[in-house]
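In our numbering, the protein residues as written are 195 to 367.
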């Protein structure tokens, strides 16, 4: 946009990314990212770059198809953008090895993006996965291995009372 500073352009790019996700537009959300971007929150077995990010975001969109993506704060400069966001909605399918049963959840994230040439070239995030699992009915104790496809130990029980398998692939069942 004419007259915008690089920081404003970077900020707008990330806002557009989150708006596309809220609208369920995975392809639109991915336009913010360089094909060879580095994602520090890769799911086990995911391809590198934007393709791996697409797999991760696809899981989130399938599990939260009508969620609100509430951007709580965003700061940007000529290279970096940091944001805090809460995804609020009804959970469906399988996420982190847990089958959701239509629970209403709020899932908080902090994202860090490094920008170059108008595209995200590096991404990192801190997600409240334990808080999400608790909202899905899990009795979570101790560290969670992280990752959307990761599960809890087989001794833990899901909301349906069945054991949860570790290292569940990135699929919604």
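Beta carbons: idealized from backbone N, C-alpha and C, even for Gly. All of these numbers come straight from a predicted model, not from anything done at the bench.
- If you look at residue 222, you'll find it in the alpha helix (DSSP H) that goes 220-224.
- Residue 305 has 277, 319 as its beta-bridge partners, per DSSP.
- In this structure, 303 is the residue among 303, 211, 263, 214 with its C-alpha nearest to the C-alpha of residue 318.
- Comparing alpha-carbon positions, the option among 330, 217, 311, 209 lying closest to residue 228 turns out to be 311.
- In the structure shown, residue 227 adopts extended strand secondary structure according to DSSP, grouped into three states.
- DSSP places residue 216 inside the alpha helix (DSSP H), whose first and last residues are 200-216.
- Here the alpha carbons of residue 285 and residue 323 stand approximately 13 Å from one another.
- DSSP places residue 334 outside any alpha helix (DSSP H), giving it a letter other than H or E.
- One thing to note: residue 275 has its Cβ no nearer than 8 Å to the Cβ of residue 321.
- In this structure residue 226 touches residue 314 by the C-beta definition: roughly 5 Å separates them, less than 8 Å.
- For residue 244, the enclosing alpha helix (DSSP H) covers residues 243-257.
- Measuring C-alpha to C-alpha distances from residue 262 to each of 329, 327, 217 identifies 217 as the nearest.
- With fewer than 16 other beta carbons inside 10 angstroms of its own, residue 298 counts as exposed.
- Judged by DSSP secondary structure, residue 266 falls within the beta strand (DSSP E) whose first and last residues are 262-270.
- Across the structure, residue 309 and residue 300 are spaced so that their CA atoms are roughly 28 Å apart.
- Annotation: residue 232 to residue 292 spans about 27 Å, alpha carbon to alpha carbon.
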